[in-house]
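Notes to accompany the following structure.
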Amino acid sequence: MNENRKAVRWNIILPVRYVGLFRNTESSAMAKDLSVLGARLAMVERHKPGDKLEMMLDMPAGESSNTMCVDADVVWQRPASALEEGCNYMAGVVFRNIMDCYRKGIAEYVSINHPQEFRQHWWDGV
């Protein structure tokens, strides 16, 4: 797979809820990595490149949580390997028209809650 990263991607596991806009499906997934522009998701449902999702990213913050609602497009999907338990597919999504305040919120969440991961991947580059 050709990697064309436009943003640093952090190895952060994060719960995600989503609605498939073409199929009117509602489900949950697990983000296996995250950037300010997209994510890699472990999913049960099959999707095709181009499918549109409305996603809710649940970002725990101490005793509370911050939920960000973002629109995303499925870029790729492949069957999960035997080592990737609890999901049938791995998918890459790109956030569509994400607001700058959400990009900042994602970066702040990672820097505060996963500082080692933030520093390592930030300085390693894209």
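What the sequence shown shows, in the numbering used here, is residues 112 to 237, in sequence order.
Cβ atoms here follow ideal geometry from the backbone N, Cα and C, with glycine treated the same way.
- For R214, the uninterrupted alpha helix (DSSP H) run begins and ends at D211 to N224, by DSSP.
- Take the alpha-carbon of R128 and the one of E137: they are about 8 Å apart.
- When secondary structure is reduced to three states using DSSP, R189 falls in the strand class.
- Between the C-alpha atoms of G161 and N208 there is a straight-line separation of about 15 Å.
- Looking at the DSSP output, F206 shares a beta bridge with A183.
- According to the DSSP secondary-structure assignment, L164 is paired through a beta bridge with G131 and A183.
- If you ignore the 5 residues before and after R214, its C-beta comes within less than 6 Å of the C-beta of V147, all in its own chain and listed in chain order.
- Using a Cβ distance threshold of 8 Å, V185 and G149 do not count as a contacting pair.
- Selection K143, L164 and K117 evaluated against C198 yields K143 as nearest (Cα-Cα).
- Boundaries of the beta strand (DSSP E) harbouring A140: T136 to L145, taken from the DSSP string.
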